[in-house]
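2 protein chains.
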Amino acid sequence: MLKASIAPDGQEYQLPNELEDLEEKKILHRITEEQRKLGRKIVAVQGLGFVGCVMAAVVADAEDEDKKPLYFVHGQQRPSLRSFWKVPVINEGRPPVNSSDAEVPEIFHRCIKMKKSLRATWHNYAYEVADVVVVDIQLDATKPAFGEADKGYCDLSAFRDGIRTLGKYIKPDCLILVETTVPPGTCEYVVKPIIEAEFSARGINVKKNPPLVAHSYERVMPGAKYVKSIRNFWRVYSGVNDKSREMAKAFLTDILDVENYPLTELENTNSSELAKVMENSYRATNIALTLEWAKFAEQIGVDIFKVRDAIRKRKGTHDNLLRPSLGVGGYCLTKDPVLANWAMNAIFNIEGKLEVAIRSVDINDTMPLHTIELIRTEFPKLKDLKITVLGVSYLEELGDTRHSPSETLIKFLHESWAVVRVHDPYVEYWAEMENVSIQPDLQQAVENADVIIFAVGHKLYKELNPEDLLKMCGNKPMIIDCSNFIDDTRISHYLRSGCKVKGVGKGHIHSLKK
Amino acid sequence: MLKASIAPDGQEYQLPNELEDLEEKKILHRITEEQRKLGRKIVAVQGLGFVGCVMAAVVADAEDEDKKPLYFVHGQQRPSLRSFWKVPVINEGRPPVNSSDAEVPEIFHRCIKMKKSLRATWHNYAYEVADVVVVDIQLDATKPAFGEADKGYCDLSAFRDGIRTLGKYIKPDCLILVETTVPPGTCEYVVKPIIEAEFSARGINVKKNPPLVAHSYERVMPGAKYVKSIRNFWRVYSGVNDKSREMAKAFLTDILDVENYPLTELENTNSSELAKVMENSYRATNIALTLEWAKFAEQIGVDIFKVRDAIRKRKGTHDNLLRPSLGVGGYCLTKDPVLANWAMNAIFNIEGKLEVAIRSVDINDTMPLHTIELIRTEFPKLKDLKITVLGVSYLEELGDTRHSPSETLIKFLHESWAVVRVHDPYVEYWAEMENVSIQPDLQQAVENADVIIFAVGHKLYKELNPEDLLKMCGNKPMIIDCSNFIDDTRISHYLRSGCKVKGVGKGHIHSLKK
Numbered sequence: 002m003l004k005a006s007i008a009p010d011g012q013e014y015q016l017p018n019e020l021e022d023l024e025e026k027k028i029l030h031r032i033t034e035e036q037r038k039l040g041r042k043i044v045a046v047q048g049l050g051f052v053g054c055v056m057a058a059v060v061a062d063a064e065d066e067d068k069k070p071l072y073f074v075h076g077q078q079r080p081s082l083r084s085f086w087k088v089p090v091i092n093e094g095r096p097p098v099n100s101s102d103a104e105v106p107e108i109f110h111r112c113i114k115m116k117k118s119l120r121a122t123w124h125n126y127a128y129e130v131a132d133v134v135v136v137d138i139q140l141d142a143t144k145p146a147f148g149e150a151d152k153g154y155c156d157l158s159a160f161r162d163g164i165r166t167l168g169k170y171i172k173p174d175c176l177i178l179v180e181t182t183v184p185p186g187t188c189e190y191v192v193k194p195i196i197e198a199e200f201s202a203r204g205i206n207v208k209k210n211p212p213l214v215a216h217s218y219e220r221v222m223p224g225a226k227y228v229k230s231i232r233n234f235w236r237v238y239s240g241v242n243d244k245s246r247e248m249a250k251a252f253l254t255d256i257l258d259v260e261n262y263p264l265t266e267l268e269n270t271n272s273s274e275l276a277k278v279m280e281n282s283y284r285a286t287n288i289a290l291t292l293e294w295a296k297f298a299e300q301i302g303v304d305i306f307k308v309r310d311a312i313r314k315r316k317g318t319h320d321n322l323l324r325p326s327l328g329v330g331g332y333c334l335t336k337d338p339v340l341a342n343w344a345m346n347a348i349f350n351i352e353g354k355l356e357v358a359i360r361s362v363d364i365n366d367t368m369p370l371h372t373i374e375l376i377r378t379e380f381p382k383l384k385d386l387k388i389t390v391l392g393v394s395y396l397e398e399l400g401d402t403r404h405s406p407s408e409t410l411i412k413f414l415h416e417s418w419a420v421v422r423v424h425d426p427y428v429e430y431w432a433e434m435e436n437v438s439i440q441p442d443l444q445q446a447v448e449n450a451d452v453i454i455f456a457v458g459h460k461l462y463k464e465l466n467p468e469d470l471l472k473m474c475g476n477k478p479m480i481i482d483c484s485n486f487i488d489d490t491r492i493s494h495y496l497r498s499g500c501k502v503k504g505v506g507k508g509h510i511h512s513l514k515k
Numbered sequence: 002m003l004k005a006s007i008a009p010d011g012q013e014y015q016l017p018n019e020l021e022d023l024e025e026k027k028i029l030h031r032i033t034e035e036q037r038k039l040g041r042k043i044v045a046v047q048g049l050g051f052v053g054c055v056m057a058a059v060v061a062d063a064e065d066e067d068k069k070p071l072y073f074v075h076g077q078q079r080p081s082l083r084s085f086w087k088v089p090v091i092n093e094g095r096p097p098v099n100s101s102d103a104e105v106p107e108i109f110h111r112c113i114k115m116k117k118s119l120r121a122t123w124h125n126y127a128y129e130v131a132d133v134v135v136v137d138i139q140l141d142a143t144k145p146a147f148g149e150a151d152k153g154y155c156d157l158s159a160f161r162d163g164i165r166t167l168g169k170y171i172k173p174d175c176l177i178l179v180e181t182t183v184p185p186g187t188c189e190y191v192v193k194p195i196i197e198a199e200f201s202a203r204g205i206n207v208k209k210n211p212p213l214v215a216h217s218y219e220r221v222m223p224g225a226k227y228v229k230s231i232r233n234f235w236r237v238y239s240g241v242n243d244k245s246r247e248m249a250k251a252f253l254t255d256i257l258d259v260e261n262y263p264l265t266e267l268e269n270t271n272s273s274e275l276a277k278v279m280e281n282s283y284r285a286t287n288i289a290l291t292l293e294w295a296k297f298a299e300q301i302g303v304d305i306f307k308v309r310d311a312i313r314k315r316k317g318t319h320d321n322l323l324r325p326s327l328g329v330g331g332y333c334l335t336k337d338p339v340l341a342n343w344a345m346n347a348i349f350n351i352e353g354k355l356e357v358a359i360r361s362v363d364i365n366d367t368m369p370l371h372t373i374e375l376i377r378t379e380f381p382k383l384k385d386l387k388i389t390v391l392g393v394s395y396l397e398e399l400g401d402t403r404h405s406p407s408e409t410l411i412k413f414l415h416e417s418w419a420v421v422r423v424h425d426p427y428v429e430y431w432a433e434m435e436n437v438s439i440q441p442d443l444q445q446a447v448e449n450a451d452v453i454i455f456a457v458g459h460k461l462y463k464e465l466n467p468e469d470l471l472k473m474c475g476n477k478p479m480i481i482d483c484s485n486f487i488d489d490t491r492i493s494h495y496l497r498s499g500c501k502v503k504g505v506g507k508g509h510i511h512s513l514k515k
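Protein chains in written order, with the numbering used here: chain S, 2 to 515; chain F, 2 to 515.
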């Protein structure tokens, strides 16, 4: 039986066979020749995930003064069952990601169909012809147990394999620009030695041709400003030597809006790698801080969100203060402190740990348990309790469920034998929780519920009229507000209707009761 | 022998006797009558410390549309040996604080000598006539041992005494505006009950005349914008009931620039008290985070300050990131998380603690030990080592030594039998470290030193020419940079001259050696 990679829309794509491999190589060769004649440099983007696919399009969209493309981009995706479908989908002019940003489908259509400066491929020949390879391989941290971020580690084997592939194929003067968030030390102590070894095996003199490895991390936010978060945003970069640093600078200057968002050069790749994980650790720590104050606030009649607004009035010194919530999700804040902490020991052999940052990850990971505590104030036993969770993505107005705190919440509710129903207007299928089906109809999701948890701040939930919700529910459910999603007027309405209402950080609710 | 209170300039002031007490009361009575005839309301400011004295002047400086004073202010200072001198000094038209802000002497001269809307007194009669009392009593947290902030507590007895005095004297409709940073719950559970008890003892019906207690915390920065940090700055306020909240709003609107810095009302005093200690806990936590990353950076060739600058480019989300240094000093960040943590147990009977915030205070308190570690990389034994500390205040360009991290540093250096010399252009006499004399002459402070520590970022130190310093020293001292006070060019100069250089968070120094 032939194997097929299945796109989210259900369309099946057969993995390529040997004949198609040979044919693809010829196509790549031909296109590259044509593009070189047009004076364009060739870029390969390694990995077409959340970052890589849009990055590939942004590079392909870069123009010279005459509005002609500066680069031709081969978007490279390994022909895996999980992801191969992205290659044909992109080559049809469609983005392989769902986004609320209208620029995403536009830029793919423009670069594939009109400018013809982008093409996806599964073939490694893309690396042979590249002047620049942008590395966007996914890299995860693993936490062995719940609440044990300090024992978290990073399995670099897939990343090493990807880099080794580059070492086998790239030209000696090709720039490798690592965009993946990596443990500090990776470019210097992982990427460079692998490339040197592969170069040496190919008979390339690494004294004369030292690998050109640079690092410049992305700050992609896959929401309404997805494309802008790549092109119109501040970038930090460095390289393992002067030449790689200069080449990275020239490349980034070509593709980004560096006039309005100037580049920041750091002196070595350790610095630029550290900057990325430190900036996310900064946010993770701020969030962890807010949770303990939220719990305090709940017990002394204080609405922590109004306090937060008051504090944030001090612009420039206090306005980065974040908010408590159901928990912290997504791909960055949950793992980046772990990457750094692991690198300290594993790459640099330094004893000790990044205590504040790692403790913060634990606090954030276990934050959903606090929402369960709030339910228990009313229902000490959760068995058979009908609980509806509104929202499973990790961000408002987005269908991204990676490391969603709703996942932790629901796992613990299941362990207590609660009967959980789940709704999210942006999520049809929950990849990380295959056994949980998303109820597409809000009415059916809340009907007869004992507890309704406002877990994510989708507009749909924030704007819910209490009367409508209670009618759909047909019950007087306990209402849980995880992060200030229900305003005081609505809370009062629920209270007057006989519902119990609790909220993370919302200690003032009892005073609204009148 | 008569007791005298001695001003910083050496001038002695006899404490008042009974006759003077009687005379002062008559004066207060007469002034108050005159001022009432002029249509002015009477304000008493309780406590003329760093905040109270300038607050008194700001209130006295407030004008109506015709540029006439709105309030007459009695600045009240208890006749203690330590502080009585402030009364005569202020009444001479001089500020009782040293400041780099030229507005400070101006506003005192203007209000005392020209507008005649301010007068200092030691007499409690000021409270009897007041329409508003602003409470600026000092309130400290005590940490029983080094690095044990979680056991820190707050001794409220002096504060309670101050409030009791008010209860004995104020009119029933007088607004008590607490400006002191207090443990959350203080207005509701300490101030209000005391006033109620005193009112009842005076035969005042507290049902008809519930105490009018409000809270609005200051955000004073005693530097070049001392006055502006009171008048031109955002304010948060609340009250224990509607009337006190409204009166506080009206009063603050009269005296502050609320047009450009709008007021924020919170629903109860717990909220406003929490806001203050939370905003300082937020900063304390951010600083604690940076130290662990600084240590990491030192070991992997990274300059954490350049990384910080790169991260802070993300305006609005990352620009509050603070910096590692010798340590954290001053009156707020070192104690405010302790006030909150203590209040949780002592006032609200809540178990648990504010873990992130309290751990951060410990990290910050012990931060100076890291600078000693840096010295030990070169000199494992500190005995008889000649160490010069440049700077003992807790902030740049300021003579304020309260809770200065240099204090901790020097105590530990003394314990290791090092020979310590100390210099600071802004400090003549170090009140907290009476046994340490400040060397006024920089040359004599550094002469023949084995180690020179750049502890505080006074401009004088930052601009020091390495050649000049080395000439004054006559040695090749080890140079320690506690918080990016020496730029790379200067560091290179020191290195070329044969000095060892180390810096908190400055792992890149060895690469500058060439």
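Ideal placement from N, C-alpha and C gives every residue a C-beta, glycine not left out.
query	result
Within 8 Å of any Cβ in chain S, is that where the Cβ of Leu322 of chain F sits?	yes
Would you please verify whether the beta carbon of Val237 of chain S is less than 8 Å from any beta carbon of chain F?	yes
May I have the straight-line CA-CA distance separating Tyr14 of chain F from Glu219 of chain F, to the nearest angstrom?	30 Å
Assuming contact is defined by CB atoms lying nearer than 8 Å, are Gln77 of chain S and Ala127 of chain S in contact in what I supplied?	yes
Which one of F:Ile171, F:Tyr227, F:Lys152 and F:Lys114 has the shortest CA to CA distance from Glu93 of chain F?	F:Lys114
Should Phe349 of chain S be flagged as near chain F, meaning a C-beta pair shorter than 8 Å?	yes
What does the Cβ neighbour count give for Asn281 of chain S, buried or exposed, with the cut at 16 atoms within 10 Å?	buried
Leaving out the 5 sequence neighbours to the left and right, which residues in its chain are closer than 8 Å to Met473 of chain S when beta-carbon positions are compared?	Leu443, Gln444, Val447 and Glu448
Might you give, ordered along the chain, the residues of its own chain that have their beta carbon closer than 7 Å to the beta carbon of Ile492 of chain S, omitting 5 neighbours on each side?	Val502, Ile510 and Leu513
If you compare alpha carbons, which of F:Asp65, F:Gly53, F:Asn125 and F:Arg111 is closest to Glu24 of chain F?	F:Asn125
Do the CB positions of His1 of chain F and Gln440 of chain F come within less than 8 Å of each other?	Here chain F has residues from 2 to 515 only, and residue 1 of chain F is not among them.
Let me know the alpha helix (DSSP H) ranges lying completely inside the stretch 183-236 of chain F, each 4 residues or longer, listed in chain order.	193-202 and 229-232
Measure the beta-carbon distance from Ile171 of chain F to Val214 of chain F and round it to whole angstroms, keeping in mind my assumption that it falls under 8 Å.	Not quite, the Cβ-Cβ distance comes to about 11 Å (not below 8 Å), so this is no contact.
Helix, strand or coil for Asp243 of chain S, going by three-state DSSP, please let me know.	helix
Once DSSP output is grouped into helix, strand and coil, what is the label at Tyr126 of chain S?	helix
Select from F:Glu21, F:Val136 and F:Gly153 the residue whose C-alpha is nearest the C-alpha of Arg161 of chain F.	F:Val136
The beta strand (DSSP E) that contains Met56 of chain S, what's its start and end?	Segment Gly53 to Asp62 is the alpha helix (DSSP H) holding Met56 of chain S; no beta strand (DSSP E) there.
With respect to the alpha helix (DSSP H) encompassing Lys87 of chain S, which residues constitute its N-terminal and C-terminal limits?	Lys87 to Asn92
So for Thr389 of chain F, helix, strand or coil by DSSP?	strand
With distances taken Cα to Cα, identify the nearest neighbour of Ile359 of chain S among S:Ala456, S:Lys27 and S:Asn287.	S:Asn287
For Arg120 of chain F, which of helix, strand or coil comes out of DSSP?	strand
DSSP state of Ser180 of chain F, grouped into three classes?	Checking the sequence, you will find Glu at residue 180 of chain F rather than Ser. It is coil, neither helix nor strand.
Along the chain, where does the alpha helix (DSSP H) that runs through Leu383 of chain F open and close?	Segment: none, Leu383 of chain F is in no alpha helix (DSSP H) and carries neither H nor E.
Applying the 10 Å Cβ sphere with the 16-neighbour rule, what's the burial state of Glu35 of chain F?	exposed
Contact defined as beta carbons within less than 8 Å: I believe Leu253 of chain F pairs with Leu264 of chain F. What is the distance between those atoms, to the nearest angstrom?	6 Å
Flag Val428 of chain F as yes when its Cβ comes closer than 7 Å to any non-hydrogen atom of the ligand COA, and as no otherwise.	Here there are no bound small molecules, and the ligand COA is not part of this structure.
In angstroms with no decimal places, state the Cα-to-Cα distance between Val452 of chain F and Gly331 of chain F.	26 Å
Flag this pair as yes or no: are the beta carbons of Gly302 of chain S and Asn99 of chain S separated by less than 8 Å?	no
Strictly below 9 Å CB to CB, what residues from chain F border Ile487 of chain S?	Under the 9 Å cutoff, chain F gives no residues; its nearest Cβ is about 16 Å from Ile487 of chain S.
Is Lys507 of chain F helix, strand or coil when you go by DSSP?	strand
What is the residue span of the beta strand (DSSP E) that Lys42 of chain F lies within?	Lys42 to Gln47
For Val130 of chain F, which residues of its own chain have a beta-carbon under 6 Å away from its beta-carbon, when the five flanking residues on both sides are left out?	Thr33 and Ile43
Under 6 Å Cβ to Cβ from Ser84 of chain S, same chain only, skipping five residues before and after it: list those, please.	Gln78
Any beta-carbon of chain S closer than 8 Å to the one on Phe297 of chain F?	yes
Taking Cβ-Cβ distances shorter than 8 Å, what residues in chain S pair up with Tyr283 of chain F?	Asn287, Leu290, Ile312, His319 and Leu322
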